[in-house]
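Notes follow once the structure below has been shown.
2 protein chains.
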Amino acid sequence: MSELVTIRDASMTTGVSAKMIRHYESIGLISAPARTENRYRHYSQRDIHELGFIRKARDLGFPIEDIRHLLALWRDRSRSSAEVKAIALRHIADLDEKAAALQAMSATLKHLASNCHGDNRPDCPIIDALDRLG
Amino acid sequence: MSELVTIRDASMTTGVSAKMIRHYESIGLISAPARTENRYRHYSQRDIHELGFIRKARDLGFPIEDIRHLLALWRDRSRSSAEVKAIALRHIADLDEKAAALQAMSATLKHLASNCHGDNRPDCPIIDALDRLG
DNA sequence: ATATGGGGTTCCCATGATGGGAAGGTCAAG
DNA sequence: CTTGACCTTCCCATCATGGGAACCCCATAT
Numbered sequence: 287m288s289e290l291v292t293i294r295d296a297s298m299t300t301g302v303s304a305k306m307i308r309h310y311e312s313i314g315l316i317s318a319p320a321r322t323e324n325r326y327r328h329y330s331q332r333d334i335h336e337l338g339f340i341r342k343a344r345d346l347g348f349p350i351e352d353i354r355h356l357l358a359l360w361r362d363r364s365r366s367s368a369e370v371k372a373i374a375l376r377h378i379a380d381l382d383e384k385a386a387a388l389q390a391m392s393a394t395l396k397h398l399a400s401n402c403h404g405d406n407r408p409d410c411p412i413i414d415a416l417d418r419l420g
Numbered sequence: 287m288s289e290l291v292t293i294r295d296a297s298m299t300t301g302v303s304a305k306m307i308r309h310y311e312s313i314g315l316i317s318a319p320a321r322t323e324n325r326y327r328h329y330s331q332r333d334i335h336e337l338g339f340i341r342k343a344r345d346l347g348f349p350i351e352d353i354r355h356l357l358a359l360w361r362d363r364s365r366s367s368a369e370v371k372a373i374a375l376r377h378i379a380d381l382d383e384k385a386a387a388l389q390a391m392s393a394t395l396k397h398l399a400s401n402c403h404g405d406n407r408p409d410c411p412i413i414d415a416l417d418r419l420g
């Protein structure tokens with residue numbers, strides 16, 4: 287009765303590319319789905335749900351290994367929220383650190399660029415900074 | 287009189303790893319340095335200066351292809367600062383966009399984490415978000 | 001029936017910037 | 001002559017993702 291959910295269907299409903307679905311299977315992030323006689327993969331509602339979970343975790347920037355852990359906690363009804371929170375907090379710190387690094391670069395460049403007249407003369411504080419400052 | 291500057295010396299004075307110096311040469315970002323009879327690379331002061339330039343540009347997050355362009359402008363005494371500025375402004379926009387994306391993730395997660403009691407109970411808004419929200 | 005098109009499958013290669021490490025050559029000092 | 005510290009080239013790994021080849025399967029249009 288329920289139509290076979292192909293990898294394309296799974297991809298479209300979850301927003302995870304077919305390429306990545308196969309990849310997640312190959313690295314053991316998701317378990318291998320059922321196959322038809324033709325060796326075509328088909329996905330259960332549970333599979334789809336799990337792919338949706340992965341998609342949302344990726345959208346929040348979690349690395350695959352974190353997601354592996356989060357999936358295990360998700361499946362474990364006796365999990366402690368403390369463990370989930372710890373993963374999230376570490377990730378938040380990582381995101382903040384990376385964002386701060388990018389912003390520092392941006393701020394430096396903005397300062398240099400604001401002092402660069404940007405005309406056809408060669409003088410340029412940006413080039414000067416790369417040239418001279420250590 | 288000037289002692290031979292080996293790749294290690296160049297690495298130590300510029301902060302670019304020997305590995306990366308060879309890599310930059312292999313992709314044509316820097317030109318091949320002189321070699322001793324033993325095929326050991328040795329670097330001129332100009333080479334060192336150029337590696338320092340690359341190092342600073344990398345520290346500001348410029349991708350290699352931008353640096354290739356910046357190096358060309360640097361060497362060109364008749365450059366227009368407008369061209370340098372344009373590269374910098376594009377890069378600033380890129381940095382800002384990436385930083386904003388990371389901050390958005392962080393903000394979402396901070397919100398979820400702040401509502402997560404983080405004890406030994408399983409209930410957790412972080413998991414709920416990954417589970418349910420689309 | 002058969003051609004066409006659009007799925008599926010596996011496998012290899014590429015990205016960007018960087019590092020690890022193997023296998024082998026060279027050189028100075030003990 | 002060995003030891004150790006360099007150098008050389010070459011291959012492989014990271015992280016998440018996509019491109020594309022070569023091939024199989026099936027439904028529909030001619």
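Chains as they are written, first to last, in my numbering: chain S, 287 to 420; chain A, 287 to 420.
Here a beta-carbon is modelled for each residue, glycine too, at the ideal position from N, C-alpha and C.
Under DSSP, A374(S) shares a beta bridge with no residue.
Secondary structure at R325(A): coil, using DSSP grouped into helix, strand and coil.
Annotation for I316(S): no alpha helix (DSSP H) segment contains it, and DSSP assigns it neither H nor E. In this structure, the alpha-carbon of D382(S) lies about 38 Å from that of R365(A). Scanning the stretch 386–411 of chain A for uninterrupted alpha helix (DSSP H) segments of 4 residues or longer gives nothing; none is fully contained. Taking 9 Å as the upper bound on Cβ-Cβ separation, chain S lies near residues L398, A399, C402, H403, G404, D405, N406, R407, P408, D409, C410 and P411 of the stretch 397–411 of chain A. Chain A has a Cβ within less than 8 Å of the Cβ of M391(S). With distances taken between CA atoms, I378(S) lies nearest to L388(A) out of L388(A), H377(A), I373(A) and D380(A). Of R361(S), A304(S), K384(S) and L290(S), the smallest CA-CA separation from E323(S) is found for L290(S). The distance from the Cβ of I350(S) to that of L359(A) is about 39 Å, inconsistent with a contact at the 8 Å cut-off.
Here A296(S) is actually not in contact with I313(S); their C-beta atoms are around 17 Å apart, not less than 8 Å. Those residues of the stretch 321–343 of chain A placed with their C-beta closer than 7 Å to a C-beta in chain S are F339, K342 and A343, ordered along the chain. Each residue's CA atom was taken as its position, placing A374(S) and D380(S) some 10 Å apart. For H377(A), the closest Cβ of chain S is nearer than 8 Å.
Taking the Cβ atoms as the reference, R341(S) lies roughly 5 Å from G301(S), within the contact range of under 8 Å.
Approximately 6 Å separates the beta-carbon atoms of D409(S) and S367(A); this is inside 8 Å, confirming the contact. Annotation: the continuous alpha helix (DSSP H) that includes D345(S) extends over Q331 to D345. Counting of Cβ neighbours within 10 angstroms places S392(A) among the buried residues, the total reaching 16 or more. Closest in alpha carbon position to I316(S), among R354(S), K305(S) and D345(S), is R354(S). Taken atom to atom, the span from the alpha-carbon of R332(S) to that of R363(S) is near 16 Å. When rounded, the separation of the alpha-carbon atoms in P411(A) and R294(S) is 30 Å.
Taking 8 Å as the cut-off between beta carbons, none of the residues of the stretch 298–321 of chain A comes near chain S.
For D382(S), the residues of chain A that pass the 7 Å Cβ criterion are S392, in the order they occur in the chain. Chain order gives no chain A residues near I350(S), where near means a beta carbon separation below 7 Å; the closest approach is about 14 Å.
Contact of R363(A) with chain S by beta-carbon distance below 9 Å involves P408. Within chain S, no residue has its beta carbon less than 9 Å from that of D295(A); the closest one is some 17 Å off.
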